[in-house]
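Participant: What follows is a single structure, and I will ask about it in a moment.
2 protein chains.
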Amino acid sequence: MKIPPVKGTRDFYPQEMAVRNWIIDGWKKVSIRNGFEEYDGPIFEHLQMYQIKSGDEIVEQLFSLKDRGGRDLAIRPEITPTLARMVNQQINSLPRPIKWFSVPRLCRAERPQKGRLREFFQWNIDIIGVDDVLADAEVIFCAIDYLQSVGLGVNNVVVKISSRKMLAAVLRSIGIAENDLESLYAVLDKRSKIPTDSFVEMLKEKITDADIRKKVLKLMDVKSIDQIGSCTELSDAAKQSIDELQRLFEFLNVMGVADFCTFDIGIVRGLAYYTGIVFEIYDKSGEMRAIGGGGRYDDLLKQFGGPAIPATGFGIGDCVLGILLEEKGLLSKQLSQQKFDYFVAYTDEQFFNKAIEIAAKVRLAGKSAVFGYKSTNLAKQLKQASTQKALNCIIIGQELSEKNELVIKDMATGQQQNINVDEFFRQIRS
Amino acid sequence: MKIPPVKGTRDFYPQEMAVRNWIIDGWKKVSIRNGFEEYDGPIFEHLQMYQIKSGDEIVEQLFSLKDRGGRDLAIRPEITPTLARMVNQQINSLPRPIKWFSVPRLCRAERPQKGRLREFFQWNIDIIGVDDVLADAEVIFCAIDYLQSVGLGVNNVVVKISSRKMLAAVLRSIGIAENDLESLYAVLDKRSKIPTDSFVEMLKEKITDADIRKKVLKLMDVKSIDQIGSCTELSDAAKQSIDELQRLFEFLNVMGVADFCTFDIGIVRGLAYYTGIVFEIYDKSGEMRAIGGGGRYDDLLKQFGGPAIPATGFGIGDCVLGILLEEKGLLSKQLSQQKFDYFVAYTDEQFFNKAIEIAAKVRLAGKSAVFGYKSTNLAKQLKQASTQKALNCIIIGQELSEKNELVIKDMATGQQQNINVDEFFRQIRS
Chain U
341 MKIPPVKGTR DFYPQEMAVR NWIIDGWKKV SIRNGFEEYD GPIFEHLQMY QIKSGDEIVE
401 QLFSLKDRGG RDLAIRPEIT PTLARMVNQQ INSLPRPIKW FSVPRLCRAE RPQKGRLREF
461 FQWNIDIIGV DDVLADAEVI FCAIDYLQSV GLGVNNVVVK ISSRKMLAAV LRSIGIAEND
521 LESLYAVLDK RSKIPTDSFV EMLKEKITDA DIRKKVLKLM DVKSIDQIGS CTELSDAAKQ
581 SIDELQRLFE FLNVMGVADF CTFDIGIVRG LAYYTGIVFE IYDKSGEMRA IGGGGRYDDL
641 LKQFGGPAIP ATGFGIGDCV LGILLEEKGL LSKQLSQQKF DYFVAYTDEQ FFNKAIEIAA
701 KVRLAGKSAV FGYKSTNLAK QLKQASTQKA LNCIIIGQEL SEKNELVIKD MATGQQQNIN
761 VDEFFRQIRS
Chain F
341 MKIPPVKGTR DFYPQEMAVR NWIIDGWKKV SIRNGFEEYD GPIFEHLQMY QIKSGDEIVE
401 QLFSLKDRGG RDLAIRPEIT PTLARMVNQQ INSLPRPIKW FSVPRLCRAE RPQKGRLREF
461 FQWNIDIIGV DDVLADAEVI FCAIDYLQSV GLGVNNVVVK ISSRKMLAAV LRSIGIAEND
521 LESLYAVLDK RSKIPTDSFV EMLKEKITDA DIRKKVLKLM DVKSIDQIGS CTELSDAAKQ
581 SIDELQRLFE FLNVMGVADF CTFDIGIVRG LAYYTGIVFE IYDKSGEMRA IGGGGRYDDL
641 LKQFGGPAIP ATGFGIGDCV LGILLEEKGL LSKQLSQQKF DYFVAYTDEQ FFNKAIEIAA
701 KVRLAGKSAV FGYKSTNLAK QLKQASTQKA LNCIIIGQEL SEKNELVIKD MATGQQQNIN
761 VDEFFRQIRS
């Protein structure tokens with residue numbers, strides 16, 4: 341009986357697994373050098389966890405299930421709610437600031453398409469306990485540090501940055517009521533993703549006052565932070581949030597990554613829980629979805645039953661990133677097929693068991709070793725060694741029984757040398 | 341609103357995550373040096389995948405869900421069905437033997453207890469395409485290689501080995517009908533897990549003929565491979581399977597791990613798909629569940645719609661293993677808290693931005709660096725550096741503005757030295 345894989349999932353054969361490991365190892369390395377520690381939570385949580393603040397889109401895409409006690413669970417579509425739960429659980433014992441990262445497997449029942457699958461891996465970086473925009477700059481730096489490390493430079497990627505706090509304050513100055521802000525964000529977030537006339541139509545439904553709508557459209561057209569003031573008279577809160585945005589760009593400049601960053605008022609983010617700086621990372625040439633994004637979410641821990649503690653972070657998935665790396669030819673350069681240190685061969689069947697013994701000892705000494713399962717002649721074994729990309733071949737023959745020596749053949753140069761068995765193991769152990 | 345984690349799951353705070361990473365990295369390292377390549381599949385499969393051959397216990401413990409099209413899915417309780425599916429899908433292009441490993445996250449709705457959780461990680465090793473018992477010996481060697489590498493020696497652990505093929509052949513010789521074998525395995529598998537009289541009662545229900553029952557009980561009492569022949573007259577098939585068992589032990593001896601291994605006719609395995617050698621690994625002193633187990637499953641690929649290809653492998657979970665390592669004091673020795681290479685401090689607030697710039701450059705150069713978010717005096721910063729276990733402190737002050745020098749303080753010795761900025765970056769890059 342042949343059963344297919346589930347739609348929108350991936351099988352990781354060794355070649356794809358090597359790519360996945362290479363991407364995830366890179367995330368981990370950059371996280372650690374930026375001072376973050378790894379955490380993880382369960383693959384599922386109580387369903388309610390995602391009904392609090394994740395936003396409608398996420399809730400619609402949940403893979404939900406029941407445990408044996410009939411409780412409603414869901415496979416995690418993001419890890420931030422788990423992070424909030426975990427931090428709240430140990431809020432009194434965790435030293436702050438909390439700088440944590442994770443590389444969770446996540447599932448969303450989306451329509452599978454290029455760069456969007458039902459199961460994916462996502463790098464998450466979060467700083468909890470720092471209200472200063474310096475923390476936002478640091479998480480953005482961290483994303484850029486990774487992108488640079490894999491060869492994606494200023495010509496390839498751009499970080500588009502805005503501020504929900506600024507947007508809220510300016511929209512209030514323009515005349516949008518507090519209660520209408522959240523649903524308006526959802527419309528504004530669509531701006532770059534749908535045709536202009538559709539966007540204007542959606543905005544008309546949302547904002548009936550033509551004067552206010554005009555101001556909002558003008559605001560969404562500003563190209564720099566300086567232009568924001570030209571749309572309306574700014575409240576003190578609006579001015580303060582603009583200063584904060586400017587400070588963020590100053591920090592990014594100090595960190596040497598300003599060239600990657602640009603202000604873009606169209607960045608609003610789909611998730612409901614953002615409260616301050618928001619950003620998304622894009623491929624410069626393509627029309628792909630965002631590589632990743634993030635922002636400040638100062639109210640989330642409180643909404644999950646904890647104290648009010650500021651937080652900021654981002655998520656970068658492996659799907660769009662993987663496509664981009666592939667397109668830019670940045671994968672093949674870095675990945676080569678697994679190689680083994682030694683293939684253990686024998687000149688005659690009488691040495692078969694000895695070959696297995698030596699292979700076992702090589703492994704116990706910490707080096708990789710393989711051998712053929714079926715006894716065959718030496719020429720065929722050397723061919724196997726070559727097919728399996730062994731770096732060296734250990735040949736077991738009369739040299740062993742007569743002189744306690746192994747013959748080591750360098751598979752690249754073809755050169756052979758004899759070495760005393762004990763000396764050989766001394767060498768590979770050190 | 342405070343929501344608890346789901347029963348039977350674990351939160352991995354940085355400390356627990358370090359343990360998990362250390363265990364899984366060890367699995368990966370040993371797999372690679374034994375010549376295995378990593379693969380992985382999706383977290384869920386079509387529900388049917390687990391109804392084919394996993395056995396009743398697994399099916400009862402499935403976390404099942406539906407996708408948006410209403411199809412029945414289940415979170416993977418084991419990865420072998422996925423392995424069978426993946427191998428069958430590419431059976432014509434994969435070079436054989438296939439030596440693969442995986443470290444999947446698995447979920448089973450079991451009653452949570454010591455060493456048994458609803459979500460866990462399991463190391464899987466499989467060799468597909470080798471019918472020789474040498475492959476079974478190799479997977480057993482691989483498990484022992486890992487156990488030894490983390491400090492679990494012959495005094496701590498034992499690999500108990502038997503053969504389903506031998507058991508089937510001898511039971512047939514005794515007079516058990518072919519059709520009764522599978523359900524009898526389930527009873528025999530319980531033998532060491534329940535009181536003797538309960539076992540005898542279960543056996544009475546299963547085997548009504550007192551003479552046959554007596555022979556089965558006698559068989560289950562044999563202590564060595566040599567004694568099997570004393571229970572009944574052996575068929576040729578039985579003799580052959582006994583020879584195979586003996587060859588397995590010879591190979592284990594050649595590989596230098598015979599001291600870890602013992603024949604135990606009580607090892608039957610719960611999973612329904614085993615066809616040959618079966619084994620389980622136990623803590624020698626404790627009364628814990630098996631650390632892991634495995635065996636040969638020559639019919640599985642065929643049952644999943646592929647060709648008849650022999651296969652053998654094992655699974656070792658992280659729960660019982662983790663408890664054992666903890667009890668033996670083998671975790672703390674190997675794990676230390678994350679340390680940072682550099683804490684970047686400054687003597688005066690005017691150098692705050694410069695400190696951030698230097699920290700960013702250190703990270704881009706590949707070393708880990710942290711800094712304080714709030715400007716404060718140097719003494720407090722040095723205390724922070726010490727709390728955060730920084731190995732060195734970079735102190736930014738007038739030396740930088742006047743002489744382009746950094747002050748580097750070794751946090752262990754307290755010694756300070758000045759170094760030219762460019763020279764410093766040259767050094768850490770190399």
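Chains U and F are the protein sequences, given in the same order.
Per the working numbering, the very first residue in the first sequence carries number 341; after that it's consecutive.
Per the working numbering, the very first residue in the second sequence carries number 341; after that it's consecutive.
A virtual CB, placed ideally from N, CA and C, is assigned to each residue, including glycine.
Please state if the CB of Ile-484/U and the CB of Lys-439/U are separated by a distance shorter than 8 Å.
Facilitator: By one-based count along the first sequence, residue 439/U stands at place 99. By one-based count along the first sequence, residue 484/U stands at place 144. Result no, Cβ atoms of Lys-439/U and Ile-484/U do not sit closer than 8 Å.
Participant: Between the C-alpha atoms of Cys-482/U and His-386/U, what's the straight-line distance to the nearest angstrom?
Facilitator: Counted from its first residue, the first sequence places residue 482/U at position 142. Counted from its first residue, the first sequence places residue 386/U at position 46. Distance between the alpha carbons of Cys-482/U and His-386/U is about 31 Å.
Participant: May I ask you to list, following chain order, the residues of the stretch 372–389 of chain U that have a beta carbon less than 8 Å from some beta carbon of chain F?
Facilitator: Ile-372, Arg-373, Asn-374, Gly-375, Glu-377, Glu-378, Tyr-379, Asp-380, Gly-381, Pro-382, Ile-383, Phe-384, Glu-385, His-386, Gln-388 and Met-389
Participant: Is it true that the stretch 579–588 of chain F meets the stretch 541–548 of chain F, where meeting means three or more beta-carbon pairs spaced less than 8 Å apart?
Facilitator: no
Participant: What residues from chain F crowd round Gln-430/U, counting only those whose CB sits closer than 8 Å?
Facilitator: Mapped onto the first sequence, residue 430/U falls at position 90. The contacting residues are Tyr-353.
Participant: Please identify the residue among Lys-729/F, Asn-744/F, Tyr-713/F and Leu-704/F whose C-alpha is closest to the C-alpha of Arg-769/F.
Facilitator: Start at 1 with the first residue of the second sequence, and residue 769/F comes out as number 429. Checked all of Lys-729/F, Asn-744/F, Tyr-713/F and Leu-704/F; the closest Cα to Arg-769/F is Leu-704/F.
Participant: Around the Cβ of Arg-350/U, are there at least 16 other Cβ atoms within 10 angstroms (buried) or fewer (exposed)?
Facilitator: Locating residue 350/U in the first sequence gives position 10, where the first residue counts as 1. With 16 or more Cβ atoms within 10 Å of its Cβ, Arg-350/U is classed as buried.
Participant: Along chain F, which residues have their Cβ under 7 Å away from the Cβ of Lys-720/U?
Facilitator: Counted from its first residue, the first sequence places residue 720/U at position 380. By Cβ distance, chain F contributes nothing, its closest Cβ being about 15 Å from Lys-720/U, past 7 Å.
Participant: Determine which residues share a DSSP beta bridge with Gly-632/F and list them.
Facilitator: Counted from its first residue, the second sequence places residue 632/F at position 292. Ile-621/F and Ile-656/F.
Participant: Short check: CB of Ile-480/F to CB of Gly-653/F, under 8 Å?
Facilitator: The residue labelled residue 480/F in the question sits at position 140 within the second sequence. The residue labelled residue 653/F in the question sits at position 313 within the second sequence. Not closer than 8 Å, so no.
Participant: Taking the straight line between their C-alpha atoms, what separation do you get for Ser-442/U and Val-370/U?
Facilitator: The residue given as residue 442/U occupies position 102 in the first sequence. The residue given as residue 370/U occupies position 30 in the first sequence. Taking the straight line from one Cα to the other gives about 12 Å.
Participant: Measuring alpha carbon to alpha carbon, tell me which of Glu-573/F, Ala-709/F, Gly-381/F and Lys-694/F ends up nearest Met-357/U.
Facilitator: Locating residue 357/U in the first sequence gives position 17, counting from the first residue. That would be Gly-381/F, whose Cα lies nearest to the Cα of Met-357/U.
Participant: In three-state terms, what does DSSP make of Lys-439/F?
Facilitator: Residue numbering aside, residue 439/F sits at position 99 when the second sequence is read from its first letter. Strand at Lys-439/F.
Participant: Please return the same chain residues whose Cβ sits closer than 6 Å to the Cβ of Leu-664/F, not counting the five positions on each side in sequence.
Facilitator: In the second sequence, residue 664/F corresponds to position 324, counting from 1. Contacts found: Asp-623.
Participant: Under three-state DSSP, which class holds Asn-758/U?
Facilitator: Position 418 of the first sequence, counting from 1, holds the residue named residue 758/U. Asn-758/U falls in the strand class under three-state DSSP.
Participant: Between Arg-448/U and chain F, is any beta-carbon pair separated by less than 8 Å?
Facilitator: On the first sequence, residue 448/U is found 108 positions in, with the first residue counted as 1. Taking Cβ atoms only, chain F never reaches closer than 8 Å to Arg-448/U, which makes this a no.
Participant: Less than 8 Å between CB atoms is the rule here; does Phe-481/U satisfy it with respect to chain F?
Facilitator: Within the first sequence, residue 481/U is the residue found at index 141, counting from 1. Chain F contact via Cβ: present.
Participant: Skipping 5 residues on each side, what residues in its chain have a beta carbon closer than 6 Å to that of Leu-405/F?
Facilitator: Residue 405/F sits at position 65 when you count from the first residue of the second sequence. Only Leu-413 meet the Cβ criterion.
Participant: Out of curiosity, what's the CA-to-CA distance linking Val-470/F and Ile-501/U?
Facilitator: Taking the first residue of the second sequence as position 1, residue 470/F is located at position 130. Taking the first residue of the first sequence as position 1, residue 501/U is located at position 161. In a straight line, the C-alpha of Val-470/F is about 56 Å away from that of Ile-501/U.
Participant: Just the chain U side, please: which residues come within less than 9 Å of Asp-485/F by C-beta, in chain order?
Facilitator: As a first step, residue 485/F is located in the second sequence; it is residue number 145 there, counting from the start. The contacting residues are Ala-700, Arg-703 and Leu-704.
Participant: Can you pull out the residues from the stretch 400–414 of chain F whose beta carbon lies closer than 7 Å to at least one beta carbon of chain U?
Facilitator: Phe-403, Ser-404, Leu-405, Asp-407, Arg-408 and Leu-413
Participant: Below 8 Å on the Cβ atoms is my contact criterion, and I expect Ala-695/U with Val-710/U to pass it. Report the Cβ-Cβ distance as a whole number of Å.
Facilitator: Here residue 695/U corresponds to residue number 355 of the first sequence, with the count starting at 1. Here residue 710/U corresponds to residue number 370 of the first sequence, with the count starting at 1. At roughly 11 Å, the Cβ-Cβ gap does not stay under 8 Å, so Ala-695/U and Val-710/U are not in contact.
Participant: Given a limit of 9 Å on CB to CB distance, which residues of the stretch 644–666 of chain U reach chain F?
Facilitator: Phe-644, Gly-645 and Gly-646
Participant: Tell me which residue opens and which closes the beta strand (DSSP E) that Lys-406/F is part of.
Facilitator: For this step, residue 406/F is matched to residue 66 along the second sequence. Here the beta strand (DSSP E) through Lys-406/F covers 404–406.
Participant: Would DSSP call Ile-607/U helix, strand or coil?
Facilitator: Here residue 607/U refers to the residue found at position 267 of the first sequence. Ile-607/U: coil per DSSP, three-state reduction.
Participant: Looking only at its own chain, which residues have a Cβ that is under 7 Å from the Cβ of Phe-764/U, when we skip the five neighbours before and after it?
Facilitator: The residue you call residue 764/U lines up with position 424 of the first sequence. Excluding sequence neighbours, Phe-764/U sits near Leu-746.
Participant: Under 9 Å, CB to CB, which of the residues in the stretch 485–509 of chain U have a partner in chain F?
Facilitator: Only Asp-485, Gln-488 and Ser-489 from the stretch 485–509 of chain U bring a Cβ to less than 9 Å from some Cβ of chain F.
Participant: Determine the chain U residues that contact Ile-617/F at a beta-carbon separation under 8 Å, and present them in chain order.
Facilitator: In the second sequence, residue 617/F corresponds to position 277, counting from 1. In chain order: nothing, as chain U lies at least about 15 Å away.
Participant: Report the rounded CA-to-CA distance for Cys-601/U versus Tyr-486/U, giving the unit in angstroms.
Facilitator: Counted from its first residue, the first sequence places residue 601/U at position 261. Counted from its first residue, the first sequence places residue 486/U at position 146. Cα to Cα, Cys-601/U sits roughly 15 Å from Tyr-486/U.
Participant: Skipping 5 residues on each side, what residues in its chain have a beta carbon closer than 6 Å to that of Leu-592/F?
Facilitator: Within the second sequence, numbered from 1, the residue matching residue 592/F stands at position 252. For Leu-592/F, where only same-chain residues beyond five positions count, the Cβ hits under 6 Å are Ala-477, Ala-598 and Cys-601.
Participant: Pick helix, strand or coil for Leu-675/F, following the three-state DSSP scheme.
Facilitator: Position 335 of the second sequence, counted from the start, is the residue given in the question as residue 675/F. Coil.
Participant: Beta-carbon of Ala-709/U versus every beta-carbon of chain F: anything under 8 Å?
Facilitator: Here residue 709/U corresponds to residue number 369 of the first sequence, with the count starting at 1. Yes, Ala-709/U lies at the interface with chain F (some Cβ there is under 8 Å from its Cβ).
Participant: May I have a chain-ordered list of the beta strand (DSSP E) segments no shorter than 3 residues that lie completely inside the stretch 473–554 of chain F?
Facilitator: 497–503
Participant: Suppose the cutoff is 8 Å on Cβ atoms and the five residues either side in sequence are ignored; what does the same chain contact list for Pro-354/U look like?
Facilitator: For the purposes of this step, residue 354/U is taken as residue 14 along the first sequence, with counting starting at 1. Excluding sequence neighbours, Pro-354/U sits near Gln-678.
Participant: Of the choices Ala-685/U, Asn-744/U, Lys-720/U and Tyr-713/U, whose alpha-carbon is the least far from that of Leu-733/U?
Facilitator: Here residue 733/U corresponds to residue number 393 of the first sequence, with the count starting at 1. A small correction: the amino acid at residue 733/U is Cys; Leu does not occupy that position in the sequence shown. Each of Ala-685/U, Asn-744/U, Lys-720/U and Tyr-713/U was checked against the Cα of Cys-733/U, and the nearest Cα belongs to Ala-685/U.
Participant: Taking the alpha-carbon of Lys-701/U as reference, which of Met-560/U, Ile-656/U, Phe-683/U and Asn-496/U has the nearest alpha-carbon?
Facilitator: Locating residue 701/U in the first sequence gives position 361, where the first residue counts as 1. Ranking the options by Cα distance to Lys-701/U, first place goes to Phe-683/U.
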